[in-house]
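Read in order, the letters of the sequence shown correspond to residues 1 to 687 in the working numbering.
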Amino acid sequence: MVHLGRVLPVTVAAASLALALTAPAASAQQPRPMTIVDLIEIPSIREPQLSPDGRQLLYVRSDADWEKNRTVSHIWRVGADGSGAVRLTNGPDGERSPRWSPDGRTIAFLADRGEPDGTEIWLIPNGGGEARALTARETSPSSIQWSPDGRWLYFLAEDPKSEEQKAREKARDDVYAFEEDYRQRHLWRVDVVTGREERITGGDFSVLEYRLSRDGSRIAFERGPTPLMDDLREREVWVMDAAGGGMRQVTDNDVPEYGPELSPDNRRILFRSDANEAFESYYNDKIFVVSAQGGRAHVLLPALPYEIREATWSADGDRVYFTANTGVRLELFRADADGGDLEQLTRGDHAVGSWSYAPSLERHVFTIETPTDPGDVWTLDADGGEPERITTLFADITKRFRLPRQEVVRWKGEDGVEVEGLLFYPLDYREGTRYPLVVQTHGGPAASDKFGFPSSSSYEAVLTAMGYFVFKPNYRGSTGYGDDFLRDMVGGYFRQAHKDVMTGVDHLIALGLVDGERMAKMGWSGGGHMTNKIITYTDRFKAASSGAGAVNWVSMYAQSDVRYYRTPWFGGTPWQKNAPIDVYWEHSPLKDIANVTTPTIVLVGENDVRVPMAQSVELYRALKSNGVPTHLYVAPREPHGWRELRHRLFKANVELEWFERWVRGREYVWERAPEPAASEAVAAGGR
Numbered sequence: 001m002v003h004l005g006r007v008l009p010v011t012v013a014a015a016s017l018a019l020a021l022t023a024p025a026a027s028a029q030q031p032r033p034m035t036i037v038d039l040i041e042i043p044s045i046r047e048p049q050l051s052p053d054g055r056q057l058l059y060v061r062s063d064a065d066w067e068k069n070r071t072v073s074h075i076w077r078v079g080a081d082g083s084g085a086v087r088l089t090n091g092p093d094g095e096r097s098p099r100w101s102p103d104g105r106t107i108a109f110l111a112d113r114g115e116p117d118g119t120e121i122w123l124i125p126n127g128g129g130e131a132r133a134l135t136a137r138e139t140s141p142s143s144i145q146w147s148p149d150g151r152w153l154y155f156l157a158e159d160p161k162s163e164e165q166k167a168r169e170k171a172r173d174d175v176y177a178f179e180e181d182y183r184q185r186h187l188w189r190v191d192v193v194t195g196r197e198e199r200i201t202g203g204d205f206s207v208l209e210y211r212l213s214r215d216g217s218r219i220a221f222e223r224g225p226t227p228l229m230d231d232l233r234e235r236e237v238w239v240m241d242a243a244g245g246g247m248r249q250v251t252d253n254d255v256p257e258y259g260p261e262l263s264p265d266n267r268r269i270l271f272r273s274d275a276n277e278a279f280e281s282y283y284n285d286k287i288f289v290v291s292a293q294g295g296r297a298h299v300l301l302p303a304l305p306y307e308i309r310e311a312t313w314s315a316d317g318d319r320v321y322f323t324a325n326t327g328v329r330l331e332l333f334r335a336d337a338d339g340g341d342l343e344q345l346t347r348g349d350h351a352v353g354s355w356s357y358a359p360s361l362e363r364h365v366f367t368i369e370t371p372t373d374p375g376d377v378w379t380l381d382a383d384g385g386e387p388e389r390i391t392t393l394f395a396d397i398t399k400r401f402r403l404p405r406q407e408v409v410r411w412k413g414e415d416g417v418e419v420e421g422l423l424f425y426p427l428d429y430r431e432g433t434r435y436p437l438v439v440q441t442h443g444g445p446a447a448s449d450k451f452g453f454p455s456s457s458s459y460e461a462v463l464t465a466m467g468y469f470v471f472k473p474n475y476r477g478s479t480g481y482g483d484d485f486l487r488d489m490v491g492g493y494f495r496q497a498h499k500d501v502m503t504g505v506d507h508l509i510a511l512g513l514v515d516g517e518r519m520a521k522m523g524w525s526g527g528g529h530m531t532n533k534i535i536t537y538t539d540r541f542k543a544a545s546s547g548a549g550a551v552n553w554v555s556m557y558a559q560s561d562v563r564y565y566r567t568p569w570f571g572g573t574p575w576q577k578n579a580p581i582d583v584y585w586e587h588s589p590l591k592d593i594a595n596v597t598t599p600t601i602v603l604v605g606e607n608d609v610r611v612p613m614a615q616s617v618e619l620y621r622a623l624k625s626n627g628v629p630t631h632l633y634v635a636p637r638e639p640h641g642w643r644e645l646r647h648r649l650f651k652a653n654v655e656l657e658w659f660e661r662w663v664r665g666r667e668y669v670w671e672r673a674p675e676p677a678a679s680e681a682v683a684a685g686g687r
């Protein structure tokens, strides 16, 4: 994954770096700064799954493929001791969702291999051999789970199109009713031997998520009136027999539920919801427990200030294991099923991810992302101890690359509340010298920035190599810091959030680290909202980049595919009787757009339904009309998050060029995409 022969110098000031990269082989052995292409080409690991006997592990590894212009994922197997890593699948378009059969002899996975058409369920023997397609469906399966006896594979799939609909589409008589053209999503199962399918659910509703009970006799699931994102609050927890009989509604409230799972004795169900005990919305995600017969659900750990990410029952049902966002970290915990004896099982400046628990083995398996590791796989005894590393894909990362120092920084918000964030230091930082700063605000906004490896979207490693500090404040509205901190946005989005960002900047200046005359602001989604607000609030930034951000909350409310989380911010909808339009407009950056003098570029995906392109057009046209230096860059085919490799490279290049021009008055030379043949050779060498 080292590309010494083709990396271009990123700035005039980095000419010496370019010479170093073309030096003799001996000096090339020294760690070097990362490039954008390096960051894009860092592989990722997800979905680790221990075999039933605990001797092997499956995981999905994703690598950049410049010829396909996207990442491609394949399934790998490795011994639980880290030995014998081998790639099991080789389809041209990749594979995902590996699942061990209960006897460990067969692996099920999802793949689109052309024939049968579309995504299907495939089976491959663990002992070797060719994969075979188990299904040949008109609609693609997802969310596969084995029955405990190994006879069935359960899956979700959309209802097929009717013959009438197919005929109309063929004749191009295809006018559709907006948000009424969806097809319901239902639960099926397929016999692993015969390939015979059975429908488990049907009707005018959708199954959004499900889990089989440990004994395979029951299913807990989320049921909603439609699969549409904006119907989140109408989803409820239901339970039924494994064949679909005895369907019963368990919850009835006005908030969404996630991850329902039956206890090992099938008497209780746990689930997550971003609600409080009274089922009022917009809180940190909590664990709820309810009787499988129905009744009132209760919060398991009401005093816990963190955001719950995932949760599951222990093997005996006496405890609950869960991962939680604690602010700048993500950790694994356990608690008694009655809410007592809370214990943190992992500790470190890291983020635990891709976690699964094997009750029959009493083992956890997960990835750990750190500032120097993108996320190798580790395992841990059920009740703690020292994690054991399984994969070593990233063991040599610090031998190849120079990586920025990360540390926690804390300061007081304008109202005296403590705020926390992360600071990335310039690679060649010298104490007593002030450096330019790039402020990056996370999306959500109900999220937080955590310790982890530099990403290709934020490219902290490139910025710090160019001599910038990178500051990531977990401003008011972030998760992991308690409900009061999160709910500061309820009743008005920009109350303390943007002030937290600026008091954090002032704190860094007061420490003598940052040159307050050389600063840039960037962010995507909720981070783009923040950029739009900041440039109307202050002229202290010399450059800005707004990625997929909202500028007009009134129009945004109707344009986006989801409104549920936005209604609490402004106290109602913009079209109800006596609508709080003044609150919507007061918190819209567009209201104060005439204040903007900061040169600002705008980026958005053409197919973004979450923060649609219209918001970026409003921002761009307002800035251009007022004579503010600006450009609007639209990525064809892209949704809310850009996926194509060349689009990701373009984003980093155009932002870096903009910052260098306006913050430092320097030219920037763009990095080029590598030749596909070279990229493929590098990927092969990295296995």
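C-beta: ideal position from N, C-alpha, C; glycine also. Remember, it's a predicted structure, so these values are computed and weren't measured experimentally.
- Residue environment: Ser478 is assigned as buried (16 or more neighbouring CB atoms within 10 Å of its CB, all protein chains considered).
- By the CB criterion at 7 angstroms, Lys542 and Val663 fall inside the cutoff.
- Selection Ala177, Gly523 and Tyr182 evaluated against Lys161 yields Tyr182 as nearest (Cα-Cα).
- In the assembly as shown, Met229 is an exposed residue. Its beta-carbon has fewer than 16 other beta-carbons within 10 Å.
- 7 angstroms or more divides the Cβ of Phe469 from the Cβ of Tyr493.
- Collapsing the DSSP output to three states places Leu463 in a helix.
- Of the other Cβ atoms in all chains shown, fewer than 16 fall within 10 Å of the Cβ of Ala303; this residue is therefore exposed.
- The alpha-carbon of Pro98 is positioned some 25 angstroms away from that of Val320.
- Spatial neighbours of Val551 in its own chain (CB-CB distance under 6 angstroms, excluding positions within 5 residues in sequence) are listed in chain order as Asn532, Pro589, Leu590, Gln615, Glu618 and Leu619.
- Shown here for Gly339: same chain residues with a beta carbon closer than 7 angstroms to its own, the five before and five after excluded, namely Leu300 and Leu301 in chain order.
- Boundaries of the beta strand (DSSP E) harbouring Asp274: Arg268 to Ala275, taken from the DSSP string.
- The C-alpha of Arg96 is placed about 15 angstroms away from the C-alpha of Gly114.
- The beta-bridge partner set that DSSP reports for Gln29 is empty.
- By the CB criterion at 7 angstroms, Ile40 and Ser456 fall inside the cutoff.
- Counting along the chain, Ile534 sits inside the alpha helix (DSSP H) bounded by residues Gly526 to Tyr537.
- For Ser360, same chain residues with a beta-carbon under 8 angstroms away, outside a window of 5 residues either side, are Pro52 and Ala315 in chain order.
- Judged by DSSP in its simplified three-state form, Asn284 adopts strand.
- A distance below 6 angstroms between beta-carbons, with the five flanking residues on each side excluded, links Ser142 to the following residues of its chain, in chain order: Leu156.
- In the three-state reduction of the DSSP assignment, Met613 falls in the helix class.
- Judged by beta-carbon spacing, Pro426 lies within the 7 angstroms limit of Gly467, meaning their Cβ atoms are closer than that value.
- The beta carbon of Val490 sits closer than 8 angstroms to the beta carbons of Tyr282, Pro568 and Trp569 from its chain, once the five residues preceding and following it are set aside; these are given in chain order.
- About 4 angstroms separates the beta carbons of Ala382 and Glu362, which is inside the 8 angstroms limit, making them a contact pair.
- Boundaries of the alpha helix (DSSP H) around Lys499: Ala497 to Ala510.
- If you compare the alpha carbons of Met240, Val255, Gly244 and Gln249 with that of Asn266, the shortest gap goes to Met240.
- The stretch 195–204 and the stretch 253–260 do not touch, with fewer than 3 CB-CB distances between them shorter than 8 angstroms.
- Annotation note: the stretch 418–495 contains the following uninterrupted beta strand (DSSP E) runs of length 3 or greater, listed N- to C-terminal: 418–424, 435–441 and 469–474.
- Within the same chain, Cβ atoms closer than 6 angstroms to the Cβ of Thr71 are found at Ser62 and Ala64, the five residues on either side in sequence being excluded.
- No Cβ-Cβ contact shorter than 7 angstroms links Glu671 with Thr251.
- A Cβ-Cβ distance of about 15 angstroms is found for the pair Ala242 and Ile269, leaving them out of contact under the 8 angstroms criterion.
- With a 10 Å radius around the Cβ and a threshold of 16 neighbouring Cβ atoms, Leu463 comes out buried.
- When DSSP reads this structure, Ala157 sits in a beta bridge with His186.
- Inter-residue distance for Gly295 and Met247 is about 16 angstroms (C-alpha atoms, whole angstroms).
- Taking C-beta separations shorter than 8 angstroms and ignoring five residues to either side along the sequence, the partners of Lys286 in its chain run Arg272, Ser273, Asp274, Ala275, Asn276, Val299, Leu300, Leu301, Pro302, Leu304 and Ile308, following chain order.
- Ser545 places its beta carbon less than 7 angstroms from that of Glu655.
- Boundaries of the beta strand (DSSP E) harbouring Thr600: Thr600 to Gly605, taken from the DSSP string.
- Val328 is a Cβ neighbour of Lys450, given a cutoff of 7 angstroms.
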